[in-house]
Amino acid sequence: MVEFLKHARQYGNRALPRRDPNFGAPLDTSHGPILYVEGVSVSFDGFKALNNLNLYIDEGELRCIIGPNGAGKTTMMDVITGKTKPDEGSVYFGQQINLLELSEHQIARGGIGRKFQKPTVFEALTVYQNLELATAADKRVWFTLSRELNTIQQQRIDEVLCLIGLKDHRHREAGALSHGQKQWLEIGMLLMQEPRVLLVDEPVAGMTGEETEKTAELLLSLAGKHSVIVVEHDMKFVRSIARKVTVLHQGSVLTEGTMDQVQNDPKVIEVYLGE
Ligand SMILES: Nc1ncnc2c1ncn2[C@@H]1O[C@H](COP(=O)(O)OP(=O)(O)O)[C@@H](O)[C@H]1O
Ligand SMILES: [Mg+2]
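First residue of the sequence shown: 1, per our numbering; consecutive thereafter.
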């Protein structure tokens, strides 16, 4: 337990995202999109990593973003999550919340969760404790955890354990999990915050075939309740989950459509051949 609290303190200091009930007006998605990225440009020393990027994500949709190396995919995620502020353009969460006015922390608390490539679970803690920590985050963690979690929080943990397929592993140390299971646990930790939008960067890198299939099922099951944006290189994987696919190239949208449409698009073929 002492070890647990030590981690909890560290985690607390990291100011983990949590939905802020005082975020302001309820999210207005009455026009469809939950995320509006319009005319966004980002330059690094004169080089345009994003160049007049336009992207609209509908509430509850699962969107795959593909594109060759250097296309701007990570920069796009950095802009949405507030890590990078663009030189030009606008980014709205629903119709009213201007994300460019908010800090990275406020955006995460406001319901936009991001899963980085490398899993960052607490290896010495059990699966259950990791989820518990994600629940308690942003409060005075060590204080909260010294009490019983309330029933609603426990139910949410059980629900998330089922979703991420780790119900039977709840008492295992996270460090003993496979790479794929760690990735699911981290997705689970994000889900504890009940994000409206979930950004996932290369979720299946390093996974076995079976883990990749399970990840596809997981992401598909999250769509609808959450809007999910997946950046991935593994085309077979993308095909297995794809609804609408956006191809980025040189910082802009090259084309959008179904997997078949984009894969047969001569512009896309040319760009990928050039890799
Ligand atoms: N912090 C930075 N400083 C300078 N150049 C950067 C920085 N971040 C990204 N870039 C450049 O911007 C381009 C887009 O990068 P990135 O968004 O990482 O592409 P992707 O994720 O699609 O591979 C690349 O050419 C990259 O070298
Ligand atoms: Mg990248």
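All residues carry an ideal CB built from backbone N, CA and C; glycine is no exception.
(message) With distance defined between alpha-carbon atoms, name the residue in 90, 34 and 26 nearest to residue 54.
(response) Along the sequence shown, one-based indexing puts residue 54 at 54. Per the Cα distances, 90.
(request) Taking only the alpha-carbon atoms, compute the straight-line gap between residue 207 and residue 253 and give it to the nearest angstrom. (result) Counting from 1 along the sequence shown, the entry for residue 207 is found at position 207. Counting from 1 along the sequence shown, the entry for residue 253 is found at position 253. One C-alpha to the other measures close to 28 angstroms.
(request) Below 7 angstroms CB to CB, which residues in the same chain sit around residue 172 once its five sequence neighbours on both sides are set aside? (result) Indexing the sequence shown from 1 puts residue 172 at position 172. Counting only Cβ-Cβ distances below 7 angstroms, and skipping sequence neighbours, we find 126 and 127.
(request) Run the proximity test for residue 73: is its beta-carbon closer than 7 angstroms to any non-hydrogen atom belonging to ligand 1? (result) If you number the sequence shown from 1, residue 73 lands on position 73. True, at least one ligand heavy atom lies under 7 angstroms from that Cβ.
(message) For the alpha helix (DSSP H) containing residue 260, name the first residue and the last one.
(response) In the sequence shown, residue 260 corresponds to position 260, counting from 1. Per DSSP, the continuous alpha helix (DSSP H) segment holding residue 260 begins and ends at 259-263.
(message) Between residue 179 and chain D, is the shortest Cβ-Cβ distance under 8 angstroms, so that the two count as touching?
(response) No chain D is present in this structure, which holds just one protein chain.
(message) For ligand 4, is there any heavy atom lying closer than 7 angstroms to the beta carbon of residue 122?
(response) The model depicted lacks ligand 4 and carries ligand 1 and ligand 2 instead.
(request) Drop a sphere of 10 angstroms on the beta-carbon of residue 274, count the other beta-carbons inside from all chains shown, and report buried for 16 or more, exposed for fewer. (result) By 1-based counting over the sequence shown, the position of residue 274 is 274. It is exposed - the Cβ of residue 274 has fewer than 16 other Cβ atoms within 10 Å.
(request) List the residues that DSSP assigns as beta-bridge partners of residue 244. (result) To locate residue 244, count along the sequence shown from 1; it is residue 244. In the DSSP output, where bridge partners are listed per residue, residue 244 has 63.
(message) Whole angstroms are fine: how far does the CA of residue 132 sit from the CA of residue 268?
(response) Locating residue 268 in the sequence shown gives position 268, where the first residue counts as 1. Locating residue 132 in the sequence shown gives position 132, where the first residue counts as 1. So the two alpha carbons sit approximately 44 angstroms from each other.
(message) Is the beta carbon of residue 191 closer than 8 angstroms to that of residue 163?
(response) As a working note, residue 163 is residue 163 in the sequence shown. As a working note, residue 191 is residue 191 in the sequence shown. Cβ atoms of residue 163 and residue 191: closer than 8 angstroms.
(message) So residue 276 and residue 241 are supposed to be a Cβ contact under 8 angstroms. How far apart are they, rounded?
(response) A question about residue 276 goes unanswered here, because the residues of the chain that appear run from 1 up to 275.
(message) Can you give me the C-alpha to C-alpha distance between residue 263 and residue 73, rounded to a whole angstrom?
(response) As a first step, residue 263 is located in the sequence shown; it is residue number 263 there, counting from the start. As a first step, residue 73 is located in the sequence shown; it is residue number 73 there, counting from the start. The alpha-carbon atoms of residue 263 and residue 73 are separated by roughly 18 angstroms.
(message) Rounding to the nearest angstrom, what Cα-Cα distance links residue 17 and residue 100 in this structure?
(response) Walking along the sequence shown from the start, residue 17 turns up at place 17. Walking along the sequence shown from the start, residue 100 turns up at place 100. Here residue 17 scores only 43 on pLDDT, less than 50, and its place in the model is too uncertain to base an answer on.
(message) Measuring straight from C-alpha to C-alpha, what distance separates residue 152 and residue 26?
(response) Residue 152 sits at position 152 when you count from the first residue of the sequence shown. Residue 26 sits at position 26 when you count from the first residue of the sequence shown. Their backbone Cα atoms lie some 22 angstroms apart in a straight line.
(message) I need the boundaries of the beta strand (DSSP E) containing residue 88, first residue and last residue.
(response) Here residue 88 refers to the residue found at position 88 of the sequence shown. First-last of the beta strand (DSSP E) with residue 88: 88-93.
(message) According to DSSP, is residue 48 part of a helix, a strand, or is it coil?
(response) In the sequence shown, counting from the first residue as 1, residue 48 sits at position 48. The answer is strand: DSSP assigns residue 48 an E or B state.
(message) Tell me which residue opens and which closes the alpha helix (DSSP H) that residue 158 is part of.
(response) Walking along the sequence shown from the start, residue 158 turns up at place 158. Residue 158 -> alpha helix (DSSP H) spans 151-163.
(request) Would you tell me roughly how many angstroms separate the C-alpha atoms of residue 259 and residue 243, rounded to the nearest one? (result) Locating residue 259 in the sequence shown gives position 259, where the first residue counts as 1. Locating residue 243 in the sequence shown gives position 243, where the first residue counts as 1. Roughly 7 angstroms separates the two Cα atoms.
(request) Under 7 angstroms Cβ to Cβ from residue 160, same chain only, skipping five residues before and after it: list those, please. (result) Walking along the sequence shown from the start, residue 160 turns up at place 160. Closer than 7 angstroms at Cβ, skipping near neighbours: 131, 188, 191 and 192.
(message) Rounded to whole angstroms, what is the Cα-Cα separation between residue 180 and residue 209?
(response) Looking up residue 180 in the sequence shown gives position 180. Looking up residue 209 in the sequence shown gives position 209. Each residue's alpha carbon lies about 10 angstroms from the other.
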